[in-house]
Structures are given as C-alpha cells and as structure tokens.
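Undergrad: Please see the structure below; I have some questions.
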Amino acid sequence: TTFQDGGEEVEDGAVYNVTLKKVQIQQAANKGARWLGGEGDQLPPEHTVRQYETSKIRAIKAGTLEKLVENLLTAFGDADFSYISIFLATYRAFASPRAVLELLLDRFGNLETSSHGEVANLNSLESEMVLRAEIASVLRAWLDQCSEDFREPPGYMCLLKLLDYLKNNMPNSDMESRVQNLLKQFQNQEVEAVDGFCSTSSSDLVDGEELEFSNPEEFSSFQDHVVAEQLTYMDVMLFRRVVPYHCLGSIWSQRDKKENKNLAPTVRATITQFNAVTKCVISTILGTRELKIQQRAKIIEKWIHIAHECRILKNFSSLRAIISALQSNSIYRLKTTWMCVSKDILLMYEELSEIFSDHDNYLTSRELLMKEATSKFANLDSSEKENQKKSQKRLQLQKNKGVMQGTVPYLGTFLTDLIMLDTALQDYVEGGLINFEKRRREFEVIAQIKLLQSSCNSYCLIPDQKFIQWFRRQRHLTEEESYKLSREAEAAADTNILSPKSQKSMVKRISTLFLGTDVFTPPKEQPLKSSPVGGSSGESTDSASVSSCEFNHSETEDVCVTPVSSPEDPLKKVQLRPLHAAGRPKRLAQGSCSDKGSGSSKGSIFDPGSGSDSGFVSSRDSVPVPSSVPRALPVYNRQSEGSCIIRVSMDGLHDSVYKSILITNQDRIPDVTQRALLKHNLEPGAVEDYELVQVISEDKELVFPRDANVFYGMNSHVNFDFILRKKA
C-alpha cells in the first residue's frame, strides 16, 4: 500500500485534505507463466501481473460547524475512520452539546429537509434507512465515548430531545432503551463534583474529628507498600473519572472566571489530590517539633521507600508528589537531617528524581510513561545493585499475585502539551472556518489519556479505611509555617551531639551525591523574606533551598508564584549539576501559562519539581515543545517562520505571574498591548495608558515606541519576557 498527497478540495464552508491510497488487489501469473502452469504467488515479480486500486481519502481540515457536523455522517464514506472519535473528544472547544445535537437531529436527521449528499431530497425507503443508520452510528458512538456530555441537571434537555427523536424515528429500539436508562441513572444520582477522597476539609471528617498533625508512631505503623497502594487507589479512582475534554487548553483556561468556579471538576480533583500528598509529606516530617534528627531522617527514608513502591505500582502521580515534597524548600534545606539518611536510600532518591528530569522536555518521564502505559508490570532497571535486588524482589511479589497493573500518569504533562497546542495553533483559519487540524493534534494527546485510563482498569486494590481516615485527618502546613518549623529543626540540629569529624564526613557525603565532586560548607541562614505577591509566604535563600509555592486548601488551582533568588543567594556560588546528574531540580513550582485572549490564565496544576508541566513555568526558563508539537510551531524563546510566543507580566506583580501571547511579524505595539490587557483581565480599551517593555537583564529594559513592530524590534538573543507598565 502506498499513499500520495492529493492536495486540497475546497467546498462551500469546508476545506478537505485529500490523500490517494494505492492498494494491490490482485497478483496473477502473466500469459507466459500461465502457459507453463505457474501460480502468481509462487513466481518471481517479472513473471506476474499486479492489479492496483486507487481510492481517495478525504479528511476535513477546516469548516463551519454545520459542515463539521455533516461530516460525522459522511466521514466513513470518505475513509476518515477516526473523525467521529476526534470530533466527540474535542468539539466542546468550539460548540455546545445542544448546538451539535440540534444540527444532527433537526437539520440532518429530518429526511425531508436534509441536504445530506446523495440522499438529499430523496424519499425512498433505502435512502431513509441509510440516513437512520448513519445517525444511529453517530449517536451510539456519542453515548459510548462521551455520555457525560448529556449530564445537564436538572432539566437534561439534550437527553430529552434525543429521547423524543428516537421515539419518533426509531421506536422500541435498543438505542431508545439505552437513553431512557441513562436518563434514569442521571436523575437518581446526586450532582457530584468528584469523589471526596482527595479532600482534606473538615466537612469530610467523621463528627467530632479535627484536623491534626501526624503522630510519628501512627504513621510508622503503616507499611510502606500499604501507603503506596492506598495512594494509588485514590489516584486511580480520580484519574479514571477525568473527563478528557476538561484537559483541553481552551476549556481549562476558563476556570478562573467567576461563573466557571465548578468548571473541569475532574481535573481540579486530581490537582487537589496531588497537593494533598505533597503537603502530607511535609507535615509528617515537620509537624512534630520534638522529633530528633535521626527520627526525622527515618521519616524521610520512609517516604523515599513509599515513593519507590509507587514506582513499582507505576503510579507516577503520587511518585512525583512525594519527590516534589522532598525537594521543597522547607524539607531540602534540612541539611543535617539529610546527612543522617543512609547512602543506599539517598541513591534510590536520586534515581527516582531522575525520572522527572526536565532535560529535553522531560524526555525520560515521557518515554517511561509510554513504555509502561500498557505493560503488565513496571520495568525496573536500577543502576544500583542493592536497590535493584530490592526492586526485583518486590516486583516478583507483585507478579506472583498474578494481577496486572495499570499506569497512573502525572496529569500535568498532558495539560502542558494541550496548553502549548492551544497557544500555538489558531482556532479559526481564513474565512472564519473552524481549524479542525488543531483538534486532530489535540486528539493525539487526548488519546494517550484515554489509553492510560483504560489501563487503570487492571488495578485490583482494596481501600484501607484506617489509612484513608488518617490521610484525611492530616493538618497541612502553610509555606510560612513549614519554613518556620524547618528553621527551628535545623537550629536544633546545629546543637546536636554530632562530633565535628562525623559532621564533616556527612557533609562531604551528601555534597558529593547532590553536587558531584564539589564539597561546600553550608552558609549562614538568610532572614525570612516576604513574598512579592500578597498571600504567599516567604522563601529561604540558603544553599540547599529552591523556590516553592503554597496553595490554599480550598483554592488549589490558584496561580502559583515562584520567588526569585536574591543576588546574594549562595546557590549562585555553587555550580550545581543538572537534575539528571544530581537528582535535584533547579526550582519547585512555576508561574501560570496563558490562554489566547480569553482573559484567563492557563495551566494550574501544582507542579513542584518541574519547569513547565501543566503551564507553570519559572519566569526565566524556556517553555519546552511538547512531544506532540513539531518544531515548526511557534514556541517561547525562539522566532520561527514569522511568529513566536512571548511572556507578558504586569508591572508591580511578580514576574512569574505572566501570560503567554502568540505574536507574528505583523503585530505592532497596540495589538500586543491590547491582547496582554485582555489576558490580565484588564480593560482592553486602555491601550494608550500602558507601555510594553522587554526585560533584557536585571538592570536593562527595551522600551518600544508607540507603533513599533514587536517581532522585529524585540531582542531575540535574550528571554522573550515583557512587562506591561502603566505610563507615568
């Protein structure tokens, strides 16, 4: 089979990509070979005659909503077999379920007024049966793949409309019974946002219970594999409920609007669970002031073991949450405590950290996720012999149980890819046609999410109510509280009975592990500084710290701000190795990525330990190109084919609270300024009151004249970071 590009076909309201498919349908012996009695499949090519058939494949590239809905009925005939699945998974970005259903049933479902291709204006029984079969096929796929689209309490208008159509056109059919059952199911269920496993609010506790800090003895009573299994159980329950279209950049970006506070609840729940695990790790380590250094180190070791068990269970969500917590400012700065962690466990921690290295757009974690997405068990190839023995032993126990395992991903990776696609590709093309090629690209990411959701059906985990209740009872520390307790713990550790000789040995060991061969002496503590954005707490600037962010318990999706190190930050005096070599990230959390002019921000998952997942990006780090986006697309920090992506922050706010904006070589200052105001939820008519400047360095800026071309005027040799400042 060979394929050939057939160019484009343009119709009224639609543009199609055409591909010619050449298929061999018969191979027979030629005349001379037949005279000799030879058979076609037993002869060399020169003695055979091949017959080929060329078919045309039409795939809609762009079109009006009417054409896209009509194409649902013709896609199979055009050999575009994946079109229905792509449309159903992404149409919420440009239309509502009611609009699509009305077009499908009222315009194309009515035979007398239908303009559907070869059956238009025909009243024959045959054409009616063809149309009914096509509509039934689409409706069946819709109910199979996206039944949640019809959950519209309390009226359920779409379901009632569909039921009415089926009663009139397909009475007593299986489809009618199915819709009736679905309607009853929705009506009998309470309107629920998401299962409450991840919530830590007091409303989820049994009467009389209060939030409390973890008792070290109680936490230690839970076996490592039990904790990992229960975290996986909670993650699986939430991930399986994720509605894939909630992850679309154009949907997720609307969540900050007041009227959309309940938008995409399934994604919000996953984020809340991730934050709950991260905060639980921090609270168990710092919540009890009376702990000795060795006791605190044992808790850190226990969490590393739990993270390793999560790796065996292929739970990359809780694995990343635990590693992120251990890399947080308040935990990582506990130098003396880390010195008491055994060498083998530190090496295990390093290996687990390397999974989420930001090298080459998180290539390691992406490849590992795709490699193990549908595998029966984890593929553990630890570089350390001792860890490898333990890993293989635990893995063998899993295999002996005979139960296959699914894969729980870190959802932020997919959110990042979808956000980048939404920023880089236009929603509409010339003529106001919906850009369906963009939706095909988004579906490549959505399909991966669906595949992983299917794999989660392989898990066979039983909830442990004792652990779940303990997990819910945990009181979480704010960032300010955790930093204060961290300082107290480190100050107490400084007066410990460790001899200078043993302390020097431990400093050398942990320094060698995290910093290569460089050995450094921990510098003096810097005073706690207030965060530049109201509501956030302070940061540490000691040698082992990184930026962190705090999420409110009830507002886990708020914009996260990354404090920037001060000029005298000791980190700058030590040459740290990259994460893949040292197991240590350069930052903990990121700022918000952007949308495309809707006035709301994109990406909001708490992303400790990475630079760009789910849209949070440190203000001075490049946005990677997602695996599903080719290099030709516009990206941050690189001008390509007359376009690029810049970041615009507001003067007076922290520079990691920014909006990403796609600009072209035709955009001038007023256009870019207006889009930036829209994205920051400011009045777009106030363009004359603001000026746009590019940040060149800490003490240099590039101010643009009134009508300058931003693309050609900007400095392309520095980061594409801009500030929108009100004129004096």
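Sequential numbering of the sequence shown, starting at 1, is according to full-length UniProt numbering.
For glycine and all other residues, C-beta sits at the position ideal for the given N, C-alpha and C.
Values in this document were obtained by computation on a predicted structure and should not be read as measured data.
When DSSP builds the beta bridges, which residues end up paired with CYS644?
TA: Taking the first residue of the sequence shown as 1, we reach residue 644 at position 644. BP columns for CYS644 point to ILE663.
Undergrad: Output the boundary residues of the alpha helix (DSSP H) element that contains ARG92.
TA: By 1-based counting over the sequence shown, the position of residue 92 is 92. ARG92 -> no alpha helix (DSSP H), and no H or E assigned at all.
Undergrad: With a 10 Å radius around its C-beta and 16 neighbouring C-beta atoms as the bar for buried, classify CYS460 as buried or exposed.
TA: Mapped onto the sequence shown, residue 460 falls at position 460. It is exposed - the Cβ of CYS460 has fewer than 16 other Cβ atoms within 10 Å.
Undergrad: Using the Cα positions of MET348 and LEU248, report the straight-line distance between them to the nearest angstrom.
TA: Start at 1 with the first residue of the sequence shown, and residue 348 comes out as number 348. Start at 1 with the first residue of the sequence shown, and residue 248 comes out as number 248. Approximately 35 Å, taken between the alpha carbons.
Undergrad: Buried or exposed for VAL657, going by 16 or more other Cβ atoms inside 10 Å?
TA: In the sequence shown, counting from the first residue as 1, residue 657 sits at position 657. Note on VAL657: 16 or more other CB atoms within 10 angstroms of its CB, so buried under the neighbour-count rule.
Undergrad: Would you check if the distance between the CB atom of ARG289 and the CB atom of LEU485 is smaller than 8 Å?
TA: Taking the first residue of the sequence shown as 1, we reach residue 289 at position 289. Taking the first residue of the sequence shown as 1, we reach residue 485 at position 485. In contact: ARG289 and LEU485 (Cβ atoms closer than 8 Å).
Undergrad: State buried or exposed for TYR362, treating a residue as buried only when at least 16 other CB atoms are found within 10 Å of its CB.
TA: Counting from one through the sequence shown, the residue named residue 362 turns up at place 362. Classification of TYR362: buried, given that the 10 Å Cβ count is 16 or more.
Undergrad: Return the Cβ separation of ALA75 and TYR83 in integer angstroms, given the expectation that the two are a contact with Cβ distance under 8 Å.
TA: Taking the sequence shown and counting its residues from 1, the one referred to as residue 75 is at position 75. Taking the sequence shown and counting its residues from 1, the one referred to as residue 83 is at position 83. The Cβ separation is near 4 Å, so the contact holds.
Undergrad: Can you give me the C-alpha to C-alpha distance between LEU143 and HIS717, rounded to a whole angstrom?
TA: As a working note, residue 143 is residue 143 in the sequence shown. As a working note, residue 717 is residue 717 in the sequence shown. Roughly 52 Å separates the two Cα atoms.
Undergrad: Can you give the Cα-Cα distance for ALA14 and VAL429, rounded to whole angstroms?
TA: Working through the sequence shown from its first residue, we reach residue 14 at position 14. Working through the sequence shown from its first residue, we reach residue 429 at position 429. For ALA14 and VAL429, the distance between alpha carbons rounds to 11 Å.
Undergrad: Rounded to a whole number of angstroms, what is the C-alpha to C-alpha distance between LYS292 and LEU352?
TA: Within the sequence shown, numbered from 1, the residue matching residue 292 stands at position 292. Within the sequence shown, numbered from 1, the residue matching residue 352 stands at position 352. One C-alpha to the other measures close to 26 Å.
Undergrad: Apart from the five residues just before and just after GLU701, which ones in its own chain have a Cβ nearer than 7 Å to its Cβ?
TA: For the purposes of this step, residue 701 is identified with residue 701 of the sequence shown, where counting begins at 1. For GLU701, the CB contacts under 7 Å within the same chain, skipping 5 residues up- and downstream, are VAL693, GLN694 and VAL695 in chain order.
Undergrad: Please report how far the alpha carbon of ARG439 lies from the alpha carbon of VAL100, in whole angstroms.
TA: By one-based count along the sequence shown, residue 439 stands at place 439. By one-based count along the sequence shown, residue 100 stands at place 100. So the alpha carbons of these two residues sit roughly 16 Å apart.
Undergrad: What are the boundary residues of the beta strand (DSSP E) that TYR690 is part of?
TA: The residue you call residue 690 lines up with position 690 of the sequence shown. Note, TYR690: beta strand (DSSP E), 690-697.
Undergrad: Go through the region 305-377 residue by residue and report every complete run of the alpha helix (DSSP H) that reaches 4 residues or more, in order.
TA: Here the runs fully enclosed are 316-326, 329-332, 335-339, 343-354 and 363-372.
Undergrad: Could you check which residue in GLU688, LEU286, GLN465 and GLN327 has the C-alpha nearest to that of THR673?
TA: Stepping through the sequence shown from its first residue, residue 673 is reached at position 673. Answer by Cα proximity: GLU688.
Undergrad: What residue range is occupied by the uninterrupted alpha helix (DSSP H) comprising LEU678?
TA: The sequence position of residue 678 within the sequence shown is 678, counting from 1. Run containing LEU678: 669-679, per the alpha helix (DSSP H) assignment.
Undergrad: What is the DSSP secondary structure of GLY432, counted as helix, strand or coil?
TA: Walking along the sequence shown from the start, residue 432 turns up at place 432. Correct three-state label for GLY432: coil.
Undergrad: So, GLN273 versus ASP224, is the Cβ gap smaller than 8 Å?
TA: Position 273 of the sequence shown holds residue 273. Position 224 of the sequence shown holds residue 224. In this structure, ASP224 does not lie closer than 8 Å to GLN273 by Cβ.
Undergrad: Just verifying my parser: in three-state terms, what is the DSSP assignment at ASN17?
TA: Locating residue 17 in the sequence shown gives position 17, where the first residue counts as 1. Strand at ASN17.
Undergrad: Tell me where the beta strand (DSSP E) around LEU724 begins and ends.
TA: Counting from 1 along the sequence shown, the entry for residue 724 is found at position 724. That run of the beta strand (DSSP E) goes 721-726.
Undergrad: If we ignore side chains and look at the alpha-carbon of each, how far apart do LEU183 and ARG241 end up?
TA: Along the sequence shown, one-based indexing puts residue 183 at 183. Along the sequence shown, one-based indexing puts residue 241 at 241. About 19 Å.
Undergrad: Could you say if the region 708-723 and the region 664-672 meet the contact criterion of at least three C-beta pairs nearer than 8 Å?
TA: Yes: at least three Cβ pairs fall under 8 Å.
Undergrad: Taking the C-alpha atoms as reference points, what is the distance between VAL69 and ILE60?
TA: For the purposes of this step, residue 69 is taken as the residue at position 69 of the sequence shown. For the purposes of this step, residue 60 is taken as the residue at position 60 of the sequence shown. So the alpha carbons of these two residues sit roughly 11 Å apart.
Undergrad: Indicate whether the contact test is met: 3 or more Cβ pairs, each with one atom in the region 167-176 and one in the region 465-479, closer than 8 Å.
TA: With the cut-off at 8 Å, the region 167-176 and the region 465-479 do not touch.
Undergrad: Under 8 Å, do ARG333 and GLU490 count as touching if we go by C-beta distance?
TA: Within the sequence shown, numbered from 1, the residue matching residue 333 stands at position 333. Within the sequence shown, numbered from 1, the residue matching residue 490 stands at position 490. In this structure, GLU490 lies closer than 8 Å to ARG333 by Cβ.
Undergrad: Measure how close the beta-carbons of GLU301 and VAL341 come, nearest whole angstrom, since I'm counting them as under 8 Å.
TA: Numbered from its first residue, the sequence shown carries residue 301 at position 301. Numbered from its first residue, the sequence shown carries residue 341 at position 341. Right, the Cβ-Cβ distance comes to about 6 Å (below 8 Å), so this counts as a contact.
Undergrad: Does DSSP put ARG58 in a helix, in a strand, or in coil?
TA: The residue labelled residue 58 in the question sits at position 58 within the sequence shown. Collapsing the DSSP output to three states places ARG58 in a strand.
Undergrad: Between which two residues does the beta strand (DSSP E) holding VAL10 run?
TA: Counted from its first residue, the sequence shown places residue 10 at position 10. Its beta strand (DSSP E) spans residues 2-11.
Undergrad: Under 7 Å Cβ to Cβ from GLU683, same chain only, skipping five residues before and after it: list those, please.
TA: If you number the sequence shown from 1, residue 683 lands on position 683. If we look at GLU683 and ignore the five residues flanking it on each side, its Cβ neighbours are LEU677.
Undergrad: GLU11: which of ARG58, ASP149, ARG725 and GLN180 sits nearest, CA to CA?
TA: Along the sequence shown, one-based indexing puts residue 11 at 11. Here the closest residue by C-alpha is ARG58.
Undergrad: For LYS22, count neighbouring Cβ atoms within 10 angstroms of its own Cβ and tell me buried if that reaches 16, exposed if not.
TA: For this step, residue 22 is matched to residue 22 along the sequence shown. Answer is exposed; the Cβ neighbour count stays below 16.
Undergrad: PHE722 and ARG675 look like a contact to me (Cβ under 8 Å); what is the Cβ gap, rounded to whole Å?
TA: Counting from 1 along the sequence shown, the entry for residue 722 is found at position 722. Counting from 1 along the sequence shown, the entry for residue 675 is found at position 675. Contact doesn't hold; Cβ gap of about 11 Å is too wide.
Undergrad: Rounded to whole angstroms, what's the CA-CA distance from PHE87 to SER458? Just pull it up for me.
TA: Residue numbering aside, residue 87 sits at position 87 when the sequence shown is read from its first letter. Residue numbering aside, residue 458 sits at position 458 when the sequence shown is read from its first letter. PHE87 and SER458: Cα-Cα distance of roughly 28 Å.
Undergrad: Work out the CA separation of LEU451 and ALA307 for me, nearest whole Å.
TA: Here the question's residue 307 lines up with position 307 in the sequence shown. Here the question's residue 451 lines up with position 451 in the sequence shown. In a straight line, the C-alpha of ALA307 is about 24 Å away from that of LEU451.
Undergrad: Which residues share a DSSP beta bridge with LEU702?
TA: Counting from one through the sequence shown, the residue named residue 702 turns up at place 702. BP columns for LEU702 point to GLN694.
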